[in-house]
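In the working numbering, the protein residues as written are 39 to 493.
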């Protein structure tokens, strides 16, 4: 770690896991009154294998405020009594493939509302370009908003960007995560990464922000009004900043009836039911009506327990007892109950207001932190559960599944491609069970994300 006391040219740190404690005295002398905050952050992040930050010269009057984002936390993070902390977390396969509109929304949340950002990139070489781009966008945003009537202050929220591969190889977490990271199953990998990111956020929020033991942290997290937002950062578009913050403030209100809210993910590739001509025959597929079509059927389970995913795409291609056939997407993409019909169901049920479900995601989900960090639940399936299901598949006859007797098994939500249930369904099913159905989650059709995929 290189510190230049007067000429603040560049501060660069990378994989510094050894000299953190030895340089703490130098940090105090170099950073002055703020040294304590710096030491805490350095010491905490030294437990991970890959973290990076810069400080660079700039004539901008906002330069100091921006660069400090990468070396210390925002005021709301250091002072829990000032403002509740909000974090957005997501996985990124390719930084360069992220949509500019998504990045701009995240920057505005980070700098206008002090929202913390945690990103897991796929590989280490992506981190430096991501940071440089992020820093430039912060400077541009703060310089631009300096001329607005509304004062937003002169600093952005904390940002932590790490790479998936280095974290998975870290000896401290290797035994718990490496088996999942090397699995050929796509959902197993995603589940492991979401659990890993969840544990990192927990350490940031609880061990530093709340400063209490795990068993006593939930009520404190609830009192602080902390909200965690999980987002797929490869989306084409996410809700704007005002919409996101409006929903966050609702979740921070203890009177609000839901603990988690999902967006209504819209696929941009398909429409709804095909139009028909005067004779009743179906028109060409290329001229169907372009109406909003719900994307994330794999993560959506209606109340009390109907999996919206098409029967033909399920691992067990039969309805289970208790399902409502009217809420299952048709096997034919343009059949009687389409993805457009699912979206209209959410819009019409409560006149555009949130609709309670058993599970959902839609590309973005917001949680009250004391619910999200329940230590009894995780995204990943354990090996015992996987083995038990394999035994059921081998022992039970086809008639067993045809009669719907598998209604109590988590694999009733599995697809036939990865032969796994969606990680969000696994997580929410657990939260429902351990909280004795007091966990309340809903889809808000007013919050829309947009995908470029059909499913």
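The beta-carbon is built from N, C-alpha and C at its ideal position, and this holds for glycine as well.
How long is the line joining the alpha carbons of residue 118 and residue 262, rounded to whole angstroms? Along the chain shown, read from residue 1 onward, the residue named residue 118 stands at position 80. Along the chain shown, read from residue 1 onward, the residue named residue 262 stands at position 224. With a pLDDT of only 28 at residue 118, under the threshold of 50, the placement of this residue in the model should not be trusted; the figure read from the coordinates follows. Whole-angstrom Cα-Cα distance: 7 angstroms.
Indicate whether the contact test is met: 3 or more Cβ pairs, each with one atom in the region 377-391 and one in the region 421-441, closer than 8 angstroms. With the rule of 3 Cβ pairs closer than 8 angstroms, the region 377-391 does not count as touching the region 421-441.
With distances taken from CA atoms, which of 163, 416, 292 is nearest residue 468? Residue mapping note: residue 468 aligns to position 430 of the chain shown, counting from 1. Measuring from the Cα of residue 468, the nearest candidate turns out to be 416.
Residues in the same chain with beta-carbon distance under 7 angstroms from residue 240, minus the five sequence neighbours each way, listed in chain order, please. Counted from its first residue, the chain shown places residue 240 at position 202. Counting only residues of its own chain and dropping the five nearest sequence neighbours on each side, residue 240 has a CB closer than 7 angstroms to the CB of 411.
Could you give the distance in angstroms between the alpha-carbon of residue 396 and the alpha-carbon of residue 462? As a first step, residue 396 is located in the chain shown; it is residue number 358 there, counting from the start. As a first step, residue 462 is located in the chain shown; it is residue number 424 there, counting from the start. If I take the Cα positions, the gap works out to 10 angstroms.
Going straight from the alpha carbon of residue 344 to that of residue 400, what length do you get? Within the chain shown, the letter at position 306 stands for residue 344. Within the chain shown, the letter at position 362 stands for residue 400. About 17 angstroms.
Is it buried or exposed, residue 223, if we count other Cβ atoms within 10 angstroms and call 16 or more buried? Indexing the chain shown from 1 puts residue 223 at position 185. Counting of Cβ neighbours within 10 angstroms places residue 223 among the exposed residues, the total staying below 16.
Could you check where the beta strand (DSSP E) with residue 457 kicks off and where it finishes? Numbered from its first residue, the chain shown carries residue 457 at position 419. Careful: residue 457 lies outside any beta strand (DSSP E) and carries neither H nor E.
Contact belief for residue 127 with residue 264 at Cβ below 8 angstroms, rounded distance in angstroms: The residue labelled residue 127 in the question sits at position 89 within the chain shown. The residue labelled residue 264 in the question sits at position 226 within the chain shown. Distance from residue 127 to residue 264 at the Cβ level is roughly 13 angstroms; contact not present, criterion being Cβ atoms closer than 8 angstroms.
Measure the alpha-carbon distance for residue 419 versus residue 443 and round it to whole angstroms. As a working note, residue 419 is residue 381 in the chain shown. As a working note, residue 443 is residue 405 in the chain shown. Using only the alpha carbons, I get a separation of about 21 angstroms.
Extent of the continuous alpha helix (DSSP H) run through residue 419: To locate residue 419, count along the chain shown from 1; it is residue 381. Run containing residue 419: none; DSSP gives neither H nor E here.
Taking the C-alpha atoms as reference points, what is the distance between residue 167 and residue 475? If you number the chain shown from 1, residue 167 lands on position 129. If you number the chain shown from 1, residue 475 lands on position 437. Straight through space, the alpha carbons of residue 475 and residue 167 are spaced by roughly 44 angstroms.
Is the beta carbon of residue 130 sitting closer than 9 angstroms to the one on residue 157? Looking up residue 130 in the chain shown gives position 92. Looking up residue 157 in the chain shown gives position 119. With contacts defined by Cβ atoms closer than 9 angstroms, residue 130 and residue 157 form a contacting pair.
If residue 151 sits next to residue 283, beta carbons under 8 angstroms apart, how far is it from one beta carbon to the other, in whole angstroms? Sequence index remark: in the chain shown, residue 151 carries index 113 (1-based). Sequence index remark: in the chain shown, residue 283 carries index 245 (1-based). About 6 angstroms separates the two Cβ atoms, so the contact holds.
Just verifying my parser: in three-state terms, what is the DSSP assignment at residue 440? For the purposes of this step, residue 440 is identified with residue 402 of the chain shown, where counting begins at 1. Helix.
I need the boundaries of the beta strand (DSSP E) containing residue 397, first residue and last residue. For this step, residue 397 is matched to residue 359 along the chain shown. Segment 393-397, the beta strand (DSSP E) holding residue 397.
Looking only at its own chain, which residues have a Cβ that is under 6 angstroms from the Cβ of residue 482, when we skip the five neighbours before and after it? Along the chain shown, read from residue 1 onward, the residue named residue 482 stands at position 444. Hits under 6 angstroms: 299, 392.
Among 351, 364, 339, which one has its Cα closest to the Cα of residue 445? Here residue 445 refers to the residue found at position 407 of the chain shown. Among 351, 364, 339, the Cα nearest to that of residue 445 belongs to 339.
Beta bridge counterpart(s) of residue 125 as assigned by DSSP: Looking up residue 125 in the chain shown gives position 87. Beta bridge pairing from DSSP links residue 125 with 154, 266.
Chain-order list of residues whose beta-carbon lies under 7 angstroms from that of residue 459 (same chain, five-residue window excluded): The count along the chain shown starts at 1 and reaches residue 459 at position 421. Excluding sequence positions up to five before and after residue 459, its CB lies within less than 7 angstroms of the CB of 448, 449, 451, 452, all in the same chain and listed in chain order.
For residue 234 and residue 366, what's the separation of their Cα atoms in angstroms? Looking up residue 234 in the chain shown gives position 196. Looking up residue 366 in the chain shown gives position 328. One alpha carbon belongs to residue 234, the other to residue 366, and they sit about 32 angstroms apart.
Where residue 160 sits in the DSSP three-state scheme: As a position in the chain shown, residue 160 is number 122, starting the count at 1. Coil at residue 160, not helix or strand.
Alpha-carbon to alpha-carbon, residue 227 and residue 159: Along the chain shown, one-based indexing puts residue 159 at 121. Along the chain shown, one-based indexing puts residue 227 at 189. C-alpha separation (whole angstroms): 14 angstroms.
Tell me the DSSP secondary structure of residue 379 in three-state form. Start at 1 with the first residue of the chain shown, and residue 379 comes out as number 341. Judged by DSSP in its simplified three-state form, residue 379 adopts helix.
Can you round the beta-carbon distance between residue 394 and residue 478 to whole angstroms, since I take them to be within the 8 angstroms contact cut? Along the chain shown, one-based indexing puts residue 394 at 356. Along the chain shown, one-based indexing puts residue 478 at 440. Contact between residue 394 and residue 478 is confirmed by a C-beta separation of about 6 angstroms, below the 8 angstroms threshold.
Among 353, 273, 373, which residue has its Cα nearest to the Cα of residue 305? In the chain shown, counting from the first residue as 1, residue 305 sits at position 267. Closest in C-alpha terms to residue 305, from the list 353, 273, 373, comes 273.
Looking at residue 278 and residue 487, is the spacing between their C-beta atoms short of 9 angstroms? Indexing the chain shown from 1 puts residue 487 at position 449. Indexing the chain shown from 1 puts residue 278 at position 240. If you check the CB distance, residue 487 and residue 278 do not come in under 9 angstroms.
Do we get a CB-CB distance below 9 angstroms when we pair residue 128 with the residues of chain D? In summary, chain D is missing from the structure at hand, where a single protein chain is found.
Tell me whether the beta-carbon of residue 268 lies closer than 9 angstroms to the beta-carbon of residue 405. Walking along the chain shown from the start, residue 268 turns up at place 230. Walking along the chain shown from the start, residue 405 turns up at place 367. Result yes, Cβ atoms of residue 268 and residue 405 sit closer than 9 angstroms.
In the structure shown, what three-state DSSP assignment does residue 331 receive? Numbered from 1 along the chain shown, position 293 holds the residue referred to as residue 331. Strand, per DSSP.
Just reading off the alpha helix (DSSP H) that residue 407 is part of, what are its end residues? Taking the chain shown and counting its residues from 1, one reaches residue 407 at position 369. Per DSSP, the continuous alpha helix (DSSP H) segment holding residue 407 begins and ends at 407-410.
Only counting the same chain, and skipping five residues up and downstream in sequence, which positions put a Cβ closer than 7 angstroms to that of residue 441? Counting from 1 along the chain shown, the entry for residue 441 is found at position 403. Within the same chain, residue 441 has no close Cβ partners at all.
Hey, would you say residue 489 sits closer than 9 angstroms to residue 303, going by beta carbons? For the purposes of this step, residue 489 is taken as the residue at position 451 of the chain shown. For the purposes of this step, residue 303 is taken as the residue at position 265 of the chain shown. Yes. Within cutoff.
Give the secondary structure of residue 468 by DSSP, where H, G and I count as helix, E and B as strand, and everything else as coil. To locate residue 468, count along the chain shown from 1; it is residue 430. Helix, per DSSP.
Can you tell me whether DSSP reads residue 402 as helix, strand or coil? Working through the chain shown from its first residue, we reach residue 402 at position 364. The answer is strand: DSSP assigns residue 402 an E or B state.
Measure the Cβ-Cβ separation of residue 378 and residue 332 and say whether it is below 9 angstroms. Position 340 of the chain shown, counting from 1, holds the residue named residue 378. Position 294 of the chain shown, counting from 1, holds the residue named residue 332. It is a contact, given that the beta carbons lie within the stated cut-off.
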